[in-house]
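Heads up: the sequence shown runs through residues 112 to 1215, numbered per my numbering. Beta carbons: idealized from backbone N, C-alpha and C, even for Gly. As structure tokens, the structure follows; a few thoughts come after it.
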Amino acid sequence: MSSSPTSVQMDEVRSRAQSLLSSSGSAQDVKAEVHTMATIPLPLSEKYCHLPAEVMLRENVTSGSKYEALEALKKLAKALSILEKYGCNLTTPTRPRYWRSVKHNNPVFRTTVDAIKGGRKVLFLYGYTSPQFDGLSFPDEVSKPDTEHVAAVTLEVMILRSEVEMLVKGSHPHPEHFKDIIPFTIQQNKPVNDSKVIPPGDEQQGDAPPTPPTSTTSDPKPELASPPKPATVSECNLCGGASTLLCPSCDNQHFCDACDDLYHRHPCRISHKRDKIKATCTICGISAVYAQCSTCIQRLCVNCDRLFHSHPDRKGHARTNIAPAKTSSPSLSPWECAHCTTVNQMQAVLCATCERPRLATAASTVVDGPVSVPILPNTDWQCKSCTVVNQGSSILCEVCERPRLATRPPVAPVLSSSRSMPDSGAEWTCQFCTFTNTKPSVVCEMCSLSCKDSTGVSLPQSLQQMPSVSKDQPQLNVKPQPKPRLNMELKRQKTMRDDGLGLIHQIREAEKRGVSPEEVYAALCLCGGSNVNPCDWLSSELPHLLDEICAMAASVQLNYKTGNTGMQPVLEKDEKDGEQSAAGEGVKLSRAEAKVAWLAAGGDTERAVRQLLRDRQVKMRELHSLGFRDVAQCEEALRQSGGELKGALSLLQRPLLEPFHQRIWIDQAEPAIDPQHPDKQRICRRLLALYDLPSWGRCELVLSLLQEPGVTYSLEDVVQAVKESHDKDFIRRLLNNECPCCFCIFPRSKMQSLTSCQCSVCHDCFRQHFTIAVRDKHIRDMVCPVCSDPDINDPEQLDSYFSTLDIQLRNCLEPEVYNLFHKKLTEHTLMKDPKFLWCCHCTSGFINDGNQLKVTCDSCNKSFCAQCKKPWEPQHQDVSCEDFQQWKRDNDPEYQRQGLAGYLRDNGITCPQCGFQYALTKGGCMHFNCSQCRYQFCSGCNNPYHKTACKSAQCIYPGLHAHHPRDCLFYLRDWEPPRLQALLQRCGVNFNTDPSNGTQTDTCGVMEQKDEGGLPVDSPCGVQTHPGQAGLCEKHYREYLVSLINAHNLDPALLYEADELTRACQRYQVDTQRGDAEDDSAYHARLLKKLMEVPLGEKVPRNK
112 MSSSPTSVQM
122 DEVRSRAQSL
132 LSSSGSAQDV
142 KAEVHTMATI
152 PLPLSEKYCH
162 LPAEVMLREN
172 VTSGSKYEAL
182 EALKKLAKAL
192 SILEKYGCNL
202 TTPTRPRYWR
212 SVKHNNPVFR
222 TTVDAIKGGR
232 KVLFLYGYTS
242 PQFDGLSFPD
252 EVSKPDTEHV
262 AAVTLEVMIL
272 RSEVEMLVKG
282 SHPHPEHFKD
292 IIPFTIQQNK
302 PVNDSKVIPP
312 GDEQQGDAPP
322 TPPTSTTSDP
332 KPELASPPKP
342 ATVSECNLCG
352 GASTLLCPSC
362 DNQHFCDACD
372 DLYHRHPCRI
382 SHKRDKIKAT
392 CTICGISAVY
402 AQCSTCIQRL
412 CVNCDRLFHS
422 HPDRKGHART
432 NIAPAKTSSP
442 SLSPWECAHC
452 TTVNQMQAVL
462 CATCERPRLA
472 TAASTVVDGP
482 VSVPILPNTD
492 WQCKSCTVVN
502 QGSSILCEVC
512 ERPRLATRPP
522 VAPVLSSSRS
532 MPDSGAEWTC
542 QFCTFTNTKP
552 SVVCEMCSLS
562 CKDSTGVSLP
572 QSLQQMPSVS
582 KDQPQLNVKP
592 QPKPRLNMEL
602 KRQKTMRDDG
612 LGLIHQIREA
622 EKRGVSPEEV
632 YAALCLCGGS
642 NVNPCDWLSS
652 ELPHLLDEIC
662 AMAASVQLNY
672 KTGNTGMQPV
682 LEKDEKDGEQ
692 SAAGEGVKLS
702 RAEAKVAWLA
712 AGGDTERAVR
722 QLLRDRQVKM
732 RELHSLGFRD
742 VAQCEEALRQ
752 SGGELKGALS
762 LLQRPLLEPF
772 HQRIWIDQAE
782 PAIDPQHPDK
792 QRICRRLLAL
802 YDLPSWGRCE
812 LVLSLLQEPG
822 VTYSLEDVVQ
832 AVKESHDKDF
842 IRRLLNNECP
852 CCFCIFPRSK
862 MQSLTSCQCS
872 VCHDCFRQHF
882 TIAVRDKHIR
892 DMVCPVCSDP
902 DINDPEQLDS
912 YFSTLDIQLR
922 NCLEPEVYNL
932 FHKKLTEHTL
942 MKDPKFLWCC
952 HCTSGFINDG
962 NQLKVTCDSC
972 NKSFCAQCKK
982 PWEPQHQDVS
992 CEDFQQWKRD
1002 NDPEYQRQGL
1012 AGYLRDNGIT
1022 CPQCGFQYAL
1032 TKGGCMHFNC
1042 SQCRYQFCSG
1052 CNNPYHKTAC
1062 KSAQCIYPGL
1072 HAHHPRDCLF
1082 YLRDWEPPRL
1092 QALLQRCGVN
1102 FNTDPSNGTQ
1112 TDTCGVMEQK
1122 DEGGLPVDSP
1132 CGVQTHPGQA
1142 GLCEKHYREY
1152 LVSLINAHNL
1162 DPALLYEADE
1172 LTRACQRYQV
1182 DTQRGDAEDD
1192 SAYHARLLKK
1202 LMEVPLGEKV
1212 PRNK
């Protein structure tokens, strides 16, 4: 590297640009530096350190034609722009998601990078060194790209693209460095340094040659070698475009209008306040921005835009109108045209030069197309460059990666060529299929591809974009063309088109009949000169042709075996015996093989014979390498299988496997495995084959366990246990488990347990227990046969228990028993419905959807009250249940005869779980078990009974218990009747002491539930009555007095003695600590006050 000032400048700019690109990854940040390095006069070998620029130019620009060289340079510039984007994606801090790989099937990649020579070498320099089946990727050990190296390569790609574009436009300041590669660049770029600013009105029209510039020494013309460096313009932090808003809440980030609408639509940023950025011209920095140029990245005012884009190299740039130019009202003074700056007279309406209206603005000349209407950011938008419709949330195009608001790129001018079409303008050549089209259409007649993809010189003049020429203006330098003669090339093109269309039609018709295009082509090679349809020929003549090919191949092979030809041998020398045995028969070939060879030969019969023999030779050698040396058998197998090697191999192996098949399909049963067999390895192999044991050691462990003395378990049980563990002691524990029901020994695999406990029983006991429970017992009796878990009074535990029990019983119970279980489970679920009612006449239940008091049972057709559950009587109509009971006490002789026994029956036991009523008294055992839902509760307070420790806070009872309140019959039944009467008298409650008229006074007639023969039976009490107890026994008279106490919410603590008061406070966990110097009366009064603060029982029946 030389140390000239130019080289030093190149190194300084390169270092600065490389640092910027490696940190930001944005090509806009280094645009000025790239342009500076591209214009530095240095040879290519010194300017490019990493990129083989000279090699790429030589390989891609190989034609001596000027036009073809320009087209190759345009193609190279387009590919370099794509490679530049790949490099920027690797250097940016926010790399794309799939940066590690480049796919070759990407249409943009195929038409750009893969279309030039050296494109993949650039990707290799980036780091894509690992080839994949569909592209290139970084090696697996590389976690992130080498940013510094990628930035250096990307920078040289950008420099080369800039130089190539300047060469295409003819604006390169130093074309002499390319004279050895592209010779025409010197002649093309000579006028560039002497170019001057040409006003729009002085442009050359049509094809007239430009006027040569006149040089003077007194007034030199300004040179426009490169565009001026734009002033500092803030860029959008998202898309890189020009920003219009500044958000102080987002760390003073800049946004354009579209990105600001998308970014600040988020709920967290919707309240941000943004400031408007005043846009000024990037050249003068004073005037307001009028138009934005997407080609040179400039935001210009009206005057600067008119002057800057009047240069021929920048005349075709596409600009977007930002703000309409302010026009002054017409005055009486001379006016200046906004388009060509010509000063016109006062009375002129049109410009004398460009004939534009007086009030016309420069917008009509600035923008090449109509001004784009802003698109809502939340709608789909179409890219103006590649016309791909993108999602509304995307900022860049998915294909060409151009910004959403970018305008359409400038169209390259149509270059004139010596190969121009005649004036008729009707013929144009398709660049894809080289077919000459004679009609001015937008698509090729042969390949149906668009003409806009073809080169400009191939397009018909009627479709090319030519500058408009006035009708009155004569065409200069146009020679009269002679009348065209008969064009033989056009005739050839027409013949080729007709043949191609005919072939396509025949292929499509053949595909409908199941014939492949290869068969159609091969058939046309034989019957193309006749009018026979190829499909008909294939069905009628092809079988005979295939037989002829087989015969010819067999004849050639037979001649070789007899020594009459010099063809290569089919088999090796060690098969000489087999060849001699088959010499008289010839090779056996099939039609399928002949057809494959015929298609491979393209319909040529002789080539098909040679191909058929070569294919058969390869297949015979393959069978020979597998051990099949009988030539006749191999040929017969290949013939029967249609030439398929796998089918022939199957046919040859079938006789060898016949003994094995006979042994497998024999009717004799397989002998059982004998653990005492002397051949231990044979037994282990059988265990591996039959039981799929994981290793040889597990097989030996199975044999050792079976050979122990006194074993009683089977082989299958041992194998199952060995699969679970390799510990011999643990396996013994798995194989020896005692059933707690039948006390037999079973392996763990034949034991079953419930999810509610850890108990395990054998399968037979499990099935028998639940079969009996389902048939003869209630649904709540289906608990563990060993520990009787779970607790049936816990609804949550009960529901989860039944959901898993259903799965376990599905496979072990008989179908009818399992259906009965489901029926009972359904009734149990229906009982939770608040509209479910039990019939008071029978044991049936149903859902009552009505709102009337009178309901009728569907089973017994008897009616009862839905509220008080008493048999329905006509007097209950339109009368409340309390008034109806009072009426019966006053008017019903039978009710009056029963006296207090009827009162106790009417206020009997009601199940708090299912609501079923029992016409029984509460005397006797307070632990009541509902016959309908198996709910266990106290008949005095309705609190549930628990078998184990309950969920109550600080419960100290581990066994069967219920938390009775102090006003429950459980405690008050121990009081003497006078004490209960004293509590009622103290509170002013009346009670009966004499029996009703006509009642039996000798024995108590109250109905109660008794246990007779192990079954609950309802029968009268029958105990001797005493005077003063209203015709009841002492037990039921106490129950009558307690029902009055509960009905009037009386607190029995008023009559508690000192020891009773202390025990009650301990039950309710009331602090019984005696204070200092506190006497007994004050202490008892304080305890009584605290005890009475504890509420009475919430579930105690309080019927009046």
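Among the candidates the options, whose CA atom is the shortest distance from the CA of residue i?
| i | options | result |
| --- | --- | --- |
| serine 496 | Phe739, Leu516, Ser505 | Leu516 |
| arginine 125 | Lys290, Gly136, Asp257, Glu144 | Glu144 |
| glutamine 403 | His428, Arg380, Ile388, Lys384 | His428 |
| glutamate 925 | His880, Gly281, Thr147, Asp838 | His880 |
| isoleucine 227 | Pro514, Gly753, Ala164, Val400 | Ala164 |
| arginine 1090 | Gln1135, Leu1166, Asp1078 | Leu1166 |
| leucine 266 | Asp1085, Ser130, Ala712 | Ser130 |
| serine 176 | Ile293, Leu816, Asn1101, Cys555 | Ile293 |
| proline 896 | Gln908, Phe877, Asp910 | Phe877 |
| alanine 1073 | Cys1066, Asn644, His1057, Cys1079 | His1057 |
Which of the three DSSP states, helix, strand or coil, is assigned to residue i?
| i | result |
| --- | --- |
| lysine 214 | strand |
| tryptophan 492 | strand |
| alanine 120 | Looking at the sequence shown, residue 120 is not alanine but glutamine. It is helical. |
| alanine 634 | helix |
| asparagine 171 | helix |
| glutamine 679 | Residue placement at glutamine 679 cannot be trusted, given a pLDDT of 43 that sits under 50; what the coordinates show is reported in the next sentence. DSSP places glutamine 679 in coil when its eight states are reduced to three. |
| phenylalanine 857 | strand |
| isoleucine 958 | strand |
| cysteine 404 | strand |
| aspartate 609 | helix |
| lysine 384 | coil |
| serine 1154 | helix |
| threonine 205 | coil |
| threonine 391 | strand |
| aspartate 1129 | strand |
| tryptophan 807 | helix |
Looking at residue j and residue i, is the spacing between their C-beta atoms short of 8 Å?
| i | j | result |
| --- | --- | --- |
| leucine 411 | threonine 391 | no |
| threonine 452 | arginine 417 | yes |
| valine 829 | leucine 846 | yes |
| tyrosine 237 | glycine 281 | no |
| isoleucine 506 | cysteine 358 | no |
| leucine 756 | lysine 730 | yes |
| valine 1211 | cysteine 1052 | yes |
Between which two residues does the beta strand (DSSP E) containing residue i stretch?
| i | result |
| --- | --- |
| methionine 862 | 862-864 |
| histidine 1038 | 1038-1040 |
| isoleucine 292 | Unbroken run through isoleucine 292: none, as it is neither H nor E. |
| glycine 246 | 246-248 |
| arginine 430 | 430-432 |
Classify residue i: buried if its beta carbon has 16 or more other beta carbons within 10 angstroms, exposed otherwise.
| i | result |
| --- | --- |
| alanine 128 | buried |
| threonine 540 | buried |
| threonine 547 | buried |
| aspartate 252 | Note on residue identity: the sequence assigns glutamate, not aspartate, to residue 252. Exposed: under 16 other Cβ atoms inside 10 Å. |
| aspartate 969 | exposed |
| glutamine 364 | buried |
| lysine 965 | exposed |
| arginine 603 | exposed |
| glutamate 274 | buried |
Identify the continuous alpha helix (DSSP H) that holds residue i and give its terminal residues.
| i | result |
| --- | --- |
| alanine 703 | 702-711 |
| proline 1088 | 1088-1097 |
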